[in-house]
Structures are given as C-alpha cells and as structure tokens.
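Visitor:
Numbering (the working numbering), first residue to last: 187 to 517.
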C-alpha cells in the first residue's frame, strides 16, 4: 500500500511523503490528523490496536501540555511568563530547561548566528504571532539589539535569573521537541511501526522494515527535487523563499541576524537536516539558514548523528550541497 500526503510546514515549506507500509497485508494502518503549535500534525501507525478517538484525545492532551511550556500565544505558558519579565528568578520546569539548554548549545556552536534571545527583533520585524510585517527604523533595531544575545541568558541549576531583560524565542526548536514527545509516547504504547509529523518536522519509527520515502520539494516548482529514505531518524527543513515580505523591491526573510538586527541576506533557499532526534533536526535546519552552505556542512560533518542537504540559488540555478554522509539516505 502506498499512501501519499502533502504536508504544510510552519514556515510554509512543503514536504512530499510517500509512506510505504512495512507489511503489505496490514489492514490496521491508521493516520490521524490534528492541529497544534499553530500548524497541523499527522501520525501514521501500522498494526493499530487501540480505539482511534481515545488515542487521538491522548495525543491532543500531550500536545496541549507541550504548548503550556512553549506557546507564545498562551499568556499562562512558561515561555510567556519568562518573556513578561515579571520576576527576579524563576524555577524552570525540567522540560523547559531541557529545550532551553539544547537551544543554547546550538547558539554556541553557531557562534551566535542562531540565538534564542531573538524574540524582540522577530516581533519588531512583524514575524511574531502578531504577523504585522514592516521595515523598522534603525533606531528601533538598535534599541532591540540591546536585549539580544544568548550569553545574556543566566541559568543557575534549574533557576533562570532575570538580569538582562532577555526574551526567549524557541519557535525554531519547539515543534521538533513536540515531535519527539509524541514519538516517545507512541513508543511507550507498544507500537514499533509509525511516523510522527508536526508542521513538516518528521520522526520515523525504530522498526520500519521498509524505510519511509520522503520527497524534498523543488523550491521553484511543484515537484520533488530529491527523495530520501528514513528509518529510525528525524528530518526537518527550513526555507526562506516563502516567509518574507517585500520592501522597496527587495525581499526580507523571516530569519534575522541577531548581530545586526536585519534579516539574513544570502543565497541559501532551504536546508534539510536528518538527525536522530527531531529537536536537533529542527534547530539545525534554522541554524543552517544563518550561514553559508560550506560552514553548516563543516559543522554537520563533525556530528556523527546528523546530515544536511542545502539548496542554494545562484546565477539563476539551484545548486545542491550535501554533507559527507547524506548520500546514504538518497532513495
């Protein structure tokens, strides 16, 4: 059985997924769909044995819990409490601390190109949840930059200290973490043949006999530019060619340089990352869009658990760049 589904990424980037069931005689494969984190989710499970509506309610409850940590749309969420800055010190939940520390790790290896304190600039440019895109004045950019810099985040044990008025943005990693949480939950339920997707971020099961085949969209056409096989891996893609606005005939991406306060301007148009965990694939995908293909490949080649596939638009051509082990995933 072949199941084809088009998935919408949060950054409006699309995957095409061809799901090959590991058992051709399986009549108990289900796919459930829902909404979370401002986007859609889908979960495909083979040899399903539970009651579908009850199972989906359990998934939805789990995702609601994840949102209570990371949603900037909820005033009561942990991240909203942090960004309201109404505290001197705040005890962080284990889950939030894990994701924040993971984010700070990627800030460090990117030398600050990727920065979780970017929230003031994201809001200023209108790429936040208010979605009021505009070209800000240099004065406003400079004022926002005063509170940007991942080294301003001070954590002692599990306590966040509010000494530098920083605001946290975990949108580049929260969906990947959500995928991992759902994946782990389904695994604990006893399933071994399944795939989880939230907003285009994907993690495949540990026991898929025939790998999931995933097509990567050609940015210029409604077609597939490449296909990869995924088994016991995660995959995420970030692109800058759809989420932007135009000012004085120039396009400005949603991915902002925390050092200058302006959107990154370079030729990379998408980055696809394969990692063990989706939280890492998600973070790497955004990180990759902050630097040249050569630089991100240099970083990825040092990580034995990750690979990358970068598309660069140059001289009216799309150029492919791959990390040293990516070809092993080509279908």
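The C-beta atom is built at its ideal place from N, Cα and C for all residues, glycine as well.
As the structure is a prediction and not an experimental result, all values here were calculated from the model.
#1: Report, in whole angstroms, the separation of the C-beta atoms of residue 475 and residue 441, which I expect to be a contact under 8 Å.
#2: Going straight from the alpha carbon of residue 294 to that of residue 230, what length do you get?
#3: In the DSSP assignment, the beta strand (DSSP E) including residue 347 goes from what residue to what residue?
#4: When you compare each of 501, 496, 497, 461 to residue 146 by their alpha carbons, which one comes out closest?
#5: Work out the CA separation of residue 494 and residue 514 for me, nearest whole Å.
#6: For the beta strand (DSSP E) that contains residue 472, what are its first and last residues?
#7: With a threshold of 16 other CB atoms inside 10 Å of the CB of residue 509, please say whether the residue is buried or exposed.
#8: Bridge partners of residue 180, per DSSP?
#9: From this set, 301, 330, 280, which residue's C-alpha is nearest residue 289's C-alpha?
#10: Give the range of the beta strand (DSSP E) segment to which residue 507 is assigned.
#11: Mapping the DSSP letters down to three states, classify residue 281 as helix, strand or coil.
#12: Distance check for residue 492 and residue 209, CA to CA, integer angstroms please.
#13: Would you please state the rounded distance, in angstroms, between the beta carbons of residue 344 and residue 283? I believe it to be under 8 Å.
#14: Short check: CB of residue 409 to CB of residue 472, under 7 Å?
#15: Quick check on residue 292: buried or exposed, where buried means 16 or more other Cβ atoms within 10 Å of its Cβ?
#16: Check whether the stretch 256-275 and the stretch 333-353 are in contact - that is, three or more C-beta pairs closer than 8 Å.
#17: On a Cα-Cα basis, can you pick out the residue from 389, 443, 246 that is closest to residue 328?
#18: Bridge partners for residue 449 per DSSP, in chain order?
#19: Please give me, in chain order, every unbroken run of the alpha helix (DSSP H) with length at least 4 that falls completely inside the stretch 282-360.
#20: How would you label residue 275, buried or exposed, when you count the other beta carbons within 10 angstroms and need 16 or more for buried?
#21: Along the alpha helix (DSSP H) that carries residue 481, what are the first and last residues, could you check?
#22: For residue 365 and residue 248, which I take to be in contact (beta-carbon distance under 8 Å), what is that distance rounded to the nearest angstrom?
#23: Could you give the residue range of the beta strand (DSSP E) that holds residue 498?
#24: Given this structure, state the Cα-to-Cα distance separating residue 199 from residue 221, to the nearest angstrom.
#25: Give every residue of the same chain whose Cβ lies closer than 7 Å to the Cβ of residue 211, excluding the five residues on either side of it in the sequence, and list them in chain order.
#26: So residue 255 packs on residue 383, CB below 8 Å; how close in whole Å?
#27: Can you list, in chain order, the residues of its chain with a C-beta nearer than 6 Å to that of residue 512? Leave out the 5 residues immediately preceding and following it.
Guide: Taking the geometry as given:
#1: Taking the first residue of the chain shown as 1, we reach residue 475 at position 289. Taking the first residue of the chain shown as 1, we reach residue 441 at position 255. The beta-carbon distance between residue 475 and residue 441, rounded to whole angstroms, is 5 Å. This is short enough to meet the 8 Å contact definition.
#2: Within the chain shown, numbered from 1, the residue matching residue 294 stands at position 108. Within the chain shown, numbered from 1, the residue matching residue 230 stands at position 44. One C-alpha to the other measures close to 35 Å.
#3: Mapped onto the chain shown, residue 347 falls at position 161. For residue 347, the enclosing beta strand (DSSP E) starts and ends at 345-347.
#4: Beyond the ends of the chain as shown, which are 187 and 517, falls residue 146; an answer cannot be given.
#5: Taking the first residue of the chain shown as position 1, residue 514 is located at position 328. Taking the first residue of the chain shown as position 1, residue 494 is located at position 308. One C-alpha to the other measures close to 11 Å.
#6: Residue numbering aside, residue 472 sits at position 286 when the chain shown is read from its first letter. No beta strand (DSSP E) contains residue 472, which is instead part of the alpha helix (DSSP H) from 464-474.
#7: Position 323 of the chain shown, counted from the first residue, corresponds to residue 509. Buried, because 16 or more other Cβ atoms sit within 10 Å of the Cβ of residue 509.
#8: Past the edges of the chain, shown from 187 to 517, lies residue 180, and the structure says nothing about it.
#9: Here residue 289 is taken as the residue at index 103 of the chain shown, counted from 1. Check the Cα spacing between residue 289 and each of 301, 330, 280: the tightest is with 301.
#10: Translated into the one-based positions of the chain shown, residue 507 becomes position 321. Residues 503-508.
#11: On the chain shown, residue 281 is found 95 positions in, with the first residue counted as 1. Three-state DSSP puts residue 281 in a helix.
#12: Numbered from its first residue, the chain shown carries residue 209 at position 23. Numbered from its first residue, the chain shown carries residue 492 at position 306. Note that residue 209 scores 40 on pLDDT, short of 50, meaning its location in the model is unreliable and no value can be drawn from it.
#13: Within the chain shown, the letter at position 158 stands for residue 344. Within the chain shown, the letter at position 97 stands for residue 283. The pair is a contact, with the Cβ atoms about 6 Å apart (cut-off 8 Å).
#14: In the chain shown, residue 409 corresponds to position 223, counting from 1. In the chain shown, residue 472 corresponds to position 286, counting from 1. With contacts defined by Cβ atoms closer than 7 Å, residue 409 and residue 472 do not form a contacting pair.
#15: As a position in the chain shown, residue 292 is number 106, starting the count at 1. Buried, since its Cβ has 16 or more Cβ neighbours within 10 Å.
#16: Inter-segment contact for the stretch 256-275 and the stretch 333-353 is present: three or more beta-carbon pairs are separated by less than 8 Å.
#17: For the purposes of this step, residue 328 is identified with residue 142 of the chain shown, where counting begins at 1. For residue 328, the nearest C-alpha among the options comes from 443.
#18: Position 263 of the chain shown, counted from the first residue, corresponds to residue 449. Residue pairing from DSSP places residue 449 in a beta bridge opposite 442.
#19: If we require 4 residues or more, the alpha helix (DSSP H) runs fully inside the stretch 282-360 come out as 305-311, 324-331.
#20: The residue labelled residue 275 in the question sits at position 89 within the chain shown. With fewer than 16 other Cβ atoms within 10 Å, it is exposed.
#21: Position 295 of the chain shown, counting from 1, holds the residue named residue 481. That run of the alpha helix (DSSP H) goes 479-486.
#22: By 1-based counting over the chain shown, the position of residue 365 is 179. By 1-based counting over the chain shown, the position of residue 248 is 62. Their Cβ separation, rounded to whole angstroms, is 11 Å, which puts residue 365 and residue 248 out of contact at 8 Å.
#23: Residue numbering aside, residue 498 sits at position 312 when the chain shown is read from its first letter. 492-500 is the span of the beta strand (DSSP E), which, as asked, contains residue 498.
#24: Counted from its first residue, the chain shown places residue 199 at position 13. Counted from its first residue, the chain shown places residue 221 at position 35. Residue confidence for residue 199 is low, a pLDDT of 34 falling below 50, so the modelled location carries little weight; the figure read from the coordinates is stated next. When rounded, the distance between both Cα atoms is 17 Å.
#25: Position 25 of the chain shown, counting from 1, holds the residue named residue 211. Because the pLDDT of residue 211 is 42, which lies under 50, any placement of that residue in the model is unreliable, and the question is left without a value.
#26: Start at 1 with the first residue of the chain shown, and residue 255 comes out as number 69. Start at 1 with the first residue of the chain shown, and residue 383 comes out as number 197. Separation of the CB atoms of residue 255 and residue 383 is rounded to 20 Å, and the pair is thereby denied contact status at 8 Å.
#27: One-based indexing of the chain shown puts residue 512 at position 326. Cβ-Cβ distances below 6 Å link residue 512 to 493, 495 in the same chain, with the five nearest sequence neighbours on each side left out; the list follows chain order.
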